[in-house]
Amino acid sequence: MSDILFIWFTVTAVRTEHLQPTGVAVARFAASDVVSLNQQEVHQMDTELLLDRRDEQVGLKREVCLLQEELAESRAEREELESRNRALNDRLCQSVCPSVGLSLHVEAEQREWRRRVREGREREARQSLLIHRLQNKVVEYRERCQRLELQLQDENTQLINTEVTDTTHTTH
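The opening position of the sequence shown corresponds to residue 1 in UniProt numbering, with each subsequent residue numbered one higher.
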């Protein structure tokens, strides 16, 4: 064996060089530093460490809950302050410059009106496109009907001609 021994322990009381995220310690010992531990002592150390971890987890969970409550309270306070700020700004605007408040209202109405006009134009454009497509289909349908009528007339004429030819052949 070499003079340095690598041991994976779940004990934190040893000289550690690096703690893993799982809490398992990687320790380096010279061969003379290794202390023999019986299984019961190791089990007791593991149990103590496990209990310490559980206590730490409970404490951390409690702290997280408290922080979440504080965050919710601060958000509510911020929203309330923002609401008050908007109300005060509106009142200030109306009291100092009633025409400015009115002009802001008029601007908002104009934006809404422009939006509605734009949407109306878009609707009209879509309807116009649909009407154009339908007109094209009607024209195609009429042309097809005319072709079929001409074809039917041609076939009728051929039928009449063949009947006339047949009757003339049978009479002679």
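Where a beta carbon is used, it is the ideal one built from N, C-alpha and C, also for glycine.
N89: first and last residue of the uninterrupted alpha helix (DSSP H) it sits in
Annotation for N89: the continuous alpha helix (DSSP H) segment containing it runs 39-96.
To the nearest angstrom, report how far apart S83 and H105 are at their CA atoms.
19 Å
Quick one: Cα of L159 to Cα of E149, how far?
15 Å
How many angstroms separate the CA atom of G120 from the CA atom of E109?
16 Å
E70 versus Q57 - alpha carbon distance
Between E70 and Q57, the C-alpha separation is close to 20 Å.
Report the rounded CA-to-CA distance for L81 versus E48, giving the unit in angstroms.
49 Å
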